[in-house]
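Contents: one structure, followed by commentary.
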Amino acid sequence: MSKIIYSIFIFVLIQATALVLPSANAQISDYYMCNSRESGEWNFGRVPMVCDANSWGRDQDLVQNFDPVIFDDVANRTSERSRYMNELNAVIRDAAIYYIKKRNPNVGTDELNNWVLAVMVTATAETYWSHYRQTSDRRYKLMRGDFGHGHGMMQVDDRSHFPAIQQGIGWNLISNMTYGMDILYTAWLRAPSQSCVGSATNWTARIRSSWAAYNGGPARICRWTNPNDAWARNDQNFYDQLQNKRWLNYVANPQMKSSVNVACLIENRENCSSVGGGEVPPPSMQTKTLYRTVDGKMCILVGSQAQCVREERDRVCLNTLEKYSSDTAENISDSLLAKYNPVVYDRHELCSKYDPSILKVGTILDFVISINLRATPGGGLLTTVAQGSKLEALDFELRNAPANDRYYKVRYNNQVGYVYAGTSANYATWIVGASLTSEVPSSSVARMGAPIQVMASSGIFMRATPGGALIEAIPYGYRLQVLEVVVRGTNNEIFYKVAYNGRVGYIYSGVLLPKETVKAWTKAL
Amino acid sequence: MRAFFVAGLLLIAGVILVFSSNGNAPLEVAARLAAVARTPASLPPEEKNSEISKVVSEVNQIESCYQTGTCSYPQTDPKSYHFAVSHALANKIALFSKQFGQDPAAQNELRQVARKAVKIDDGFVQSAALSIFKDLPIDQENLQAIGEGMQTNSDPLVAEQALGELQRYMGTPQEAKMQEIVQGMVSGAHFASQKVGENILSFINDQNFPSYKQLQQQLPAQSRIARDLATALKEYRRQRSGG
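Protein sequence lines, in the order shown, are assigned to chains A and B.
Take the first sequence: its position 97, counting from 1, is numbered 97 in my numbering, and each next residue is one higher.
Just so we're on the same page, my numbering is the position in the second sequence counted from 1, plus 525.
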């Protein structure tokens with residue numbers, strides 16, 4: 001009888017535990033990973049509390065991308081606040097404009113101006129424009145509010161479903177703003193239909209409602225109309241800031257050009273060139289100068305010809321053609337660029353020529369030491385890849401000439417991210433290419449000499465060169481041997497050199513970015 | 526053995542206290558635990574229907590707490606109430622699905638709960654709702670609800686989960702409506718739209734290729750979503766032409 005009672009008891013115990021545990025795991029503690037916490041003052045740029053920023057991203061990348069908008073605690077407070085506010089005003093303005101134009105390309109002037117105002121007041125109400133601060137101990141800090149759950153200027157919350165904080169989105173000022181604007185804009189779109197707003201052009205009510213939903217949750221969109229609400233004081237403070245715009249007391253030049261490359265950072269998060277040039281576009285291209293096109297290409301002038309890469313992140317590889325003097329890029333129009341007969345280089349060929357020590361995409365990487373895996377090269381820490389691991393390189397990135405810091409994208413324990421792999425001087429102490437005979441877990445790209453099978457249901461065309469003249473079709477199911485692996489393009493297109501029917505040519509086998517499609521084309525055997 | 530028994534009693538007492546702190550009477554919780562222990566499939570029809578109604582009522586009650594902001598969830602900071610009530614709602618929906626997800630007797634109630642929940646602007650709640658849809662037959666009203674939910678969604682994980690559900694509508698009479706929803710998500714919140722761009726390839730076909738091409742050309746040229754959509758269109762063309 002006692003055995004029966006104990007058995008029933010254990011069964012109930014297990015059921016009760018299963019009911020409790022999922023809820024408990026969903027909670028994050030106050031001030032999670034908040035190291036070296038320091039206070040501040042309730043004034044622009046220095047609101048309490050701040051904690052070490054490097055819990056969420058690398059200090060090196062913080063400084064590289066955001067130096068102008070780090071509040072320096074040891075500088076003269078008055079002049080530093082003025083400098084900081086002028087710089088950050090330009091950043092907030094540009095980010096807000098880029099965001100709404102992307103969401104609504106036909107946005108009217110009134111709505112655009114009121115949206116920018118809404119974002120500025122939100123940043124004021126949430127944190128008095130506080131994000132990065134270099135404290136007197138010279139550590140870089142990130143603002144943390146709401147018992148540490150709110151991260152950075154827009155208070156990206158670590159209790160949300162999407163783990164933005166772990167991805168480094170809360171830490172990165174521009175990502176922080178973008179994520180915040182995603183939430184604010186959702187409320188902005190809803191507000192006109194709410195009884196407390198009534199129309200799209202009731203701008204004051206629309207701004208107040210958008211923020212109420214932002215601050216308290218979507219269901220609180222009309223919170224500001226209730227003077228007895230628990231957070232009525234917040235709404236009153238917000239209204240006060242909206243009417244008085246106190247940030248303008250510190251912003252002497254509201255039209256100042258942003259020192260931070262806002263558009264690039266919104267789209268790419270990091271590794272963006274600095275913003276250069278005046279308001280007037282250059283009349284001609286100059287040597288040793290970096291140029292940025294409308295669609296994001298980076299170009300330099302070599303002789304009389306413009307030589308380009310398709311993406312900003314590969315600009316360091318242009319140094320193999322001709323060294324440019326500064327990482328500050330001038331904007332250039334398509335019509336001006338066309339006068340210089342631009343040539344666009346493939347990133348794999350050019351970067352390999354620039355730094356032959358960079359390991360090619362598809363290479364199996366052998367980890368000489370344990371290395372942090374981050375969501376982006378400089379961003380949120382996901383886990384640590386163990387020493388001795390062998391992982392496939394899905395992508396690469398080179399930065400910071402002449403040291404040539406390199407990063408590889410890998411998949412480790414079902415997480416995808418980037419690992420730092422040293423410089424051209426010391427890369428061998430970080431990651432080396434694994435031997436061809438190494439045992440590796442399943443990889444996307446077949447290794448040279450490996451057998452593969454055609455998986456495309458209609459077969460694959462063999463071509464004289466990658467993407468070139470057609471030779472003949474290889475049918476579904478046919479087995480081939482990989483003679484060479486070629487990787488091309490910004491999406492890491494895979495081509496295999498193979499022999500078929502007495503001839504040698506190249507077959508296409510999918511892309512690795514943004515999502516792998518290789519297995520739809522061929523299967524490694 | 527006796528020590529283990531005592532420890533277990535303490536744990537059960539703790540469970541009861543946890544549920545009590547979320548507004549459930551201890552005795553009712555204990556009765557609920559006993560009902561769970563019996564598994565829903567084993568309940569007689571009348572008792573099962575009563576249990577289903579009770580759970581739906583609880584879901585509705587928490588949802589009311591979400592909308593009104595007047596229940597006893599913590600107000601330690603401006604967002605604490607929202608997160609607490611959203612968690613409670615998501616957990617209740619997940620429990621409902623766990624208890625009755627495979628039970629034909631609860632299908633209608635599950636549908637109604639999921640349709641309401643997917644329109645609530647919280648990632649945990651929307652995710653729980655999408656998990657219910659996954660186990661239900663596709664349905665025009667389900668699709669309509671998902672579409673409304675995705676208009677206000679800014680959560681990339683929810684967007685990815687929704688795409689998985691929307692994929693089920695390919696090749697069905699509801700495909701046109703589904704494609705309208707997906708194309709709306711391409712122009713939606715920044716991080717959510719990036720997730721859509723990564724996964725858009727499986728939604729492209731010969732009929733909608735021109736509309737996706739047009740959409741791609743309307744996006745900012747340097748934006749990641751524009752580049753990813755261009756990649757998907759190029760990949761689709763290659764897949765149709767043999768590479």
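Every residue, glycine too, gets a C-beta built ideally from N, C-alpha and C.
Count the CB pairs spanning the region 55-62 of chain A and the region 167-181 of chain A that are closer than 8 Å, and state whether there are at least three. The region 167-181 of chain A and the region 55-62 of chain A touch, with three or more beta-carbon pairs separated by less than 8 Å.
Need the endpoints of the beta strand (DSSP E) that M298/A sits in, please. Going by DSSP, M298/A is part of the beta strand (DSSP E) stretching over 298-302.
Please classify G709/B: does DSSP put it in a helix, a strand, or coil? If DSSP states are grouped into helix, strand and coil, G709/B belongs with the helices.
Check P735/B in the structure and name its three-state DSSP category. Under the three-state reduction of DSSP, P735/B is assigned to helix.
Residues that H151/A bridges to, as DSSP identifies them: DSSP output for H151/A lists R144/A, V156/A as bridge partner(s).
Span of the alpha helix (DSSP H) holding S79/A? DSSP places S79/A in the uninterrupted alpha helix (DSSP H) bounded by 77-103.
Beta-bridge pairing of L398/A - partner residues as DSSP gives them: DSSP lists R406/A as partners of L398/A.
By the criterion of Cβ-Cβ separation under 7 Å, what are the contact partners of S370/A in chain B? Annotation: S370/A has no Cβ neighbours in chain B at a cutoff of 7 Å; minimum Cβ distance is about 28 Å.
Leaving out the 5 sequence neighbours to the left and right, which residues in its chain are closer than 6 Å to W188/A when beta-carbon positions are compared? Counting only residues of its own chain and dropping the five nearest sequence neighbours on each side, W188/A has a CB closer than 6 Å to the CB of S210.
For E723/B, go through chain A and note every residue whose CB falls closer than 8 Å to its CB, in chain order. Here the neighbours are P514, K515.
Exposed or buried, P254/A, counting other C-beta atoms within 10 Å across all chains shown (16 or more means buried)? With a threshold of 16 other beta carbon atoms within 10 Å, P254/A falls short and is exposed.
Output the distance between the C-alpha atoms of Y185/A and E111/A, rounded to the nearest integer angstrom. Distance from the CA of Y185/A to the CA of E111/A, rounded to the nearest whole angstrom, comes to 12 Å.
Does the Cβ of S546/B have 16 or more other Cβ atoms within 10 Å, making it buried, or fewer, making it exposed? Legend: pLDDT at S546/B = 42, less than 50; position of this residue unreliable, no value from coordinates given.
Would you decide whether P551/B is buried or exposed? Buried here means 16 or more other CB atoms lie within 10 Å of its CB. Below a pLDDT of 50, predicted positions are generally treated as unreliable, and P551/B, at 44, falls in that range; the measurement from the model is reported next regardless. Under this definition P551/B is an exposed residue.
Can you find a C-beta in chain A that's less than 8 Å from the C-beta of S652/B? It does: the Cβ of S652/B has a partner Cβ on chain A nearer than 8 Å.
List, in order along the chain, the chain B residues whose C-beta lies closer than 8 Å to that of A524/A? In chain order: nothing, as chain B lies at least about 17 Å away.
Might you give, ordered along the chain, the residues of its own chain that have their beta carbon closer than 8 Å to the beta carbon of M85/A, omitting 5 neighbours on each side? For M85/A, where only same-chain residues beyond five positions count, the Cβ hits under 8 Å are F44, G45, W129, W247, Y250, V251.
Comparing C-alpha positions only, which one of V302/A, A450/A, Q134/A, A263/A sits nearest to T289/A? The shortest CA-to-CA distance from T289/A to any of V302/A, A450/A, Q134/A, A263/A is the one to V302/A.
How about R313/A and N268/A: do their beta carbons lie closer than 8 Å? Yes. Within cutoff.
Mapping the DSSP letters down to three states, classify V482/A as helix, strand or coil. Coil at V482/A, not helix or strand.
Determine, for D182/A, whether the minimum Cβ-Cβ distance to residues of chain B falls below 8 Å. Yes, its Cβ sits closer than 8 Å to a Cβ of chain B.
Spell out a yes or no on whether the region 93-112 of chain A and the region 397-412 of chain A are touching, meaning 3 or more CB-CB pairs, one atom from each, closer than 8 Å. No: fewer than three Cβ pairs fall under 8 Å.
Throw me the rounded Cβ distance for the K725/B and A757/B pair, which I believe falls under 8 Å. It should be noted that the sequence gives Ile, not Lys, for residue 725/B. Sure, about 5 Å apart at Cβ, within 8 Å.
Should K102/A be flagged as near chain B, meaning a C-beta pair shorter than 8 Å? Answer yes: the Cβ-Cβ gap between K102/A and chain B drops below 8 Å somewhere.
Proximity to V518/A [Cα-Cα], best of M462/A, V445/A, L480/A: Per the C-alpha coordinates, the member of M462/A, V445/A, L480/A positioned closest to V518/A is V445/A.
Measuring only between beta-carbons, confirm whether T178/A sits less than 8 Å from chain B. Yes - at least one Cβ of chain B is within 8 Å of the one on T178/A.
Alpha carbon to alpha carbon, what distance is there between A619/B and V511/A? Approximately 37 Å between the Cα atoms of the pair.
Out of V119/A, A230/A, Y427/A, point me to the one whose CA is closest to F548/A's CA. There is no way to answer for residue 548/A, as the model of chain A reaches only from 1 to 525.
Endpoints, the alpha helix (DSSP H) within which G180/A is located: Element bounds for G180/A: 173-190.
Along the alpha helix (DSSP H) that carries V262/A, what are the first and last residues, could you check? Unbroken alpha helix (DSSP H) run through V262/A: 262-268.
Measure the C-alpha to C-alpha separation of K245/A and V385/A and round it to an integer number of angstroms. When rounded, the separation of the alpha-carbon atoms in K245/A and V385/A is 48 Å.
Comparing the C-beta of Y508/A with each C-beta of chain B, is any distance below 8 Å? Answer yes: the Cβ-Cβ gap between Y508/A and chain B drops below 8 Å somewhere.
Inspect the beta-carbon positions of D680/B and F162/A and report whether they are closer than 8 Å. Yes. Within cutoff.
So, is the C-beta of I460/A closer than 8 Å to a C-beta in chain B? Answer yes: the Cβ-Cβ gap between I460/A and chain B drops below 8 Å somewhere.
E392/A - partner residues in DSSP beta bridges: Checking the DSSP bridge columns, you'll see E392/A partnered with I364/A.
How would you label R503/A, buried or exposed, when you count the other beta carbons within 10 angstroms and need 16 or more for buried? Its Cβ having fewer than 16 others within 10 Å, R503/A is exposed.
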